[in-house]
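Comments concern the structure below.
There are 2 protein chains.
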Amino acid sequence: MTYCVGLLLDAGVVLLSDTRTNAGLDNIATYRKMFLFEQPGDRAIGIMTAGSLSITQTVIARLTEANEDADSPRSILRAPGMLQVAEIVGATLSDVTSEVSGKMERMNQSATASMIVAGQRKGGPMRMFLVYPEGNFIEATPDTPFLQIGEHKYGKPILDRVIAAETTLADAEKAVLLSMDSTLRSNLSVGMPLDFAVIERDALAVTRRRRIEPTDEAFQKMSHDWSEALRNAFAEIDPI
Amino acid sequence: MTYCVGLLLDAGVVLLSDTRTNAGLDNIATYRKMFLFEQPGDRAIGIMTAGSLSITQTVIARLTEANEDADSPRSILRAPGMLQVAEIVGATLSDVTSEVSGKMERMNQSATASMIVAGQRKGGPMRMFLVYPEGNFIEATPDTPFLQIGEHKYGKPILDRVIAAETTLADAEKAVLLSMDSTLRSNLSVGMPLDFAVIERDALAVTRRRRIEPTDEAFQKMSHDWSEALRNAFAEIDPI
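Same order as they appear, the protein sequences are chains A and B. Quick note on our numbering: the first sequence kicks off at -15 and runs consecutively. Quick note on our numbering: the second sequence kicks off at -15 and runs consecutively.
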């Protein structure tokens, strides 16, 4: 499995993904699930992926190829806006899913993937989409300023409680890391290292990007402090 | 869906269940999912159910009938110990599942259910089992002193952090209610009122039972205090 979370805030887009992939429980590997595309001054786009690696890798490879091919109508670096970027990602995902599924049907198996696509193009608003395996998508709004893919349940309560459109980037970083921390703790199929990125509003560039390794002392401290804080909070609650 | 959680602690068994059942999103009803069987001084047994109501109601009805039929070998009130109680519940669940599934196969549908069975018989240890739809089961141990059925993910992080075999009953009550609170908040298919019960070690009776209505002020206060405490804990964490 996977856990990826994206926030669409007044201050910008915040993205966090894990890197664990597994085929069964005994075949675990580390693969990047966050892909950043930028043309500084014109646009910055982040894509996060969940699901079958054979599908997500092919989709990202085709998107990358389309960017390099000046004639391709499917370049997300040349698309006129974020809606068209989501449509290109959706169409590519839908194509690859149908090709792979055709092959897998013979074995009575199937494979799917979903993606979070977020960013901003010059002159347009910041937008964030969740693209389904079929290629259709939904969009984050101020009422629901976060989207998740993969193993999303463990880390949802903290987001439900603290994330709103006006949340600061510093609080947003804490919130997604704590949401990931709960998921890592409760589900083996989500694993370190993590990829973290921020695209600030109107920066038209990836403002921060960071890989957080299992040995990262700041993350370890945050995780430890949060456990402590939760236990203290728990101790303070009056019994019924 | 459903959320039921059971704790097997040194001090006793703690059980909590919601009461929401739904067929689709537009057909919601309230049904008890916790069933208590006791013969004070001899045994106390709690059963919680998740899954298809047509299966769980029939299982509970058959178990109740077997208790009233002096010749039935499937009486959980006459079984020599908790292991045999789990076996009887498993066998009954397996029978009913297979009968119902036989009928549903014609419509290309299926139905399943799972159960948590916990309690103590005089002279034996307290035990808690999770019975799968097939009738087989696993047992809680001091290493893993809680079992969950239904919508278990949202409420697991708090249990992972605070529950150990030596947790007091007062803390356990708080923990299961907060675990339920996170689930209620994040998932529409889990709903109030709640059923709560405690079987203290060697009491051989249900020591506490309580229905918590949506208007329950103590639960509302706990829920509100926990939100506040979480937000304060969040505010205290240093950003990375």
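Cβ atoms here follow ideal geometry from the backbone N, Cα and C, with glycine treated the same way.
Could you tell me the distance, in whole angstroms, from the CA atom of residue i to the CA atom of residue j?
| i | j | result |
| --- | --- | --- |
| B:M91 | A:S36 | 31 Å |
| A:L168 | A:I142 | 14 Å |
| A:I29 | A:A97 | 19 Å |
| A:A189 | A:V69 | 16 Å |
| A:E89 | A:A95 | 9 Å |
| B:S56 | B:L(-8) | 29 Å |
| B:R145 | A:R215 | 8 Å |
| A:L9 | A:V174 | 12 Å |
| A:M18 | A:Q93 | 26 Å |
| A:T48 | A:E184 | 23 Å |
| B:V73 | B:E52 | 16 Å |
| A:W210 | A:V(-3) | 24 Å |
| B:A148 | A:D155 | 31 Å |
| B:K87 | A:A50 | 52 Å |
| B:A159 | A:L161 | 23 Å |
| B:G119 | A:P223 | 36 Å |
| A:D26 | A:S1 | 25 Å |
| A:C(-12) | A:S59 | 24 Å |
| B:A181 | A:H208 | 33 Å |
| B:V124 | B:S163 | For clarity, residue 124 of chain B is Ala in the given sequence; the question names Val instead. Distance between the alpha carbons of B:A124 and B:S163: 18 Å. |
| A:H79 | B:D79 | The sequence shown places Asp at residue 79 of chain A, not His. Rounded to the nearest angstrom, the two C-alpha atoms are 45 Å apart. |
According to the neighbour-count rule (16 or more other Cβ atoms, all chains shown, within 10 Å of its Cβ), is residue i buried or exposed?
| i | result |
| --- | --- |
| B:G134 | buried |
| B:T14 | exposed |
| A:T(-14) | buried |
| A:A54 | exposed |
| A:P109 | exposed |
| B:P126 | exposed |
Pop quiz: residue i and residue j are said to be a contact at Cβ under 8 Å. What is the actual Cβ separation, rounded to whole angstroms?
| i | j | result |
| --- | --- | --- |
| A:P117 | A:T76 | In fact, because the Cβ distance is near 12 Å, the residues do not count as touching under 8 Å. |
| B:M32 | B:I100 | 4 Å |
| B:A213 | A:A217 | 4 Å |
Near residue i, which residues of its chain fall below 6 Å by C-beta distance, leaving aside the five closest residues on each side in sequence?
| i | result |
| --- | --- |
| B:E157 | none |
| B:E22 | A28, A189, V190 |
| A:G(-10) | L(-1), I100, A102, M112, L131 |
| A:I12 | N6 |
| A:R225 | Lying outside -15 to 224, the shown extent of chain A, residue 225 of chain A is not represented and no answer is given. |
Please list, in chain order, all residues of the same chain as residue i whose beta carbon is under 7 Å from its beta carbon, the five residues on each side excluded.
| i | result |
| --- | --- |
| A:T152 | A(-5) |
| B:V115 | A70, V73, G74, L77, S98, M99, V101, F121 |
| A:P129 | L(-9), L(-8), L(-7), I147, A148, A149 |
Cutting at 8 Å between CB atoms, please list the residues of its own chain near residue i, excluding the five before and the five after it.
| i | result |
| --- | --- |
| B:P24 | L188, A189 |
| B:T3 | T14, Y15, R16, K17, G175, M176, P177, L178, D179 |
| A:V84 | S36, S38, I39, T42, A95 |
| A:I44 | F19, I31, T33 |
| B:D186 | Q104 |
| B:L172 | L9 |
| A:I221 | none |
The region 191 to 200 of chain B in contact with the region 185 to 203 of chain A per 3-pair CB rule at 8 Å: no
Does the region 61 to 69 of chain A come into contact with the region 101 to 118 of chain A, if we say contact requires no fewer than three beta-carbon pairs (one atom in each stretch) closer than 8 Å? The region 61 to 69 of chain A makes contact with the region 101 to 118 of chain A; the number of CB pairs closer than 8 Å reaches 3 or more.
Within the chosen definition, does the region 164 to 178 of chain B reach the region 138 to 154 of chain B through at least 3 CB pairs nearer than 8 Å? yes
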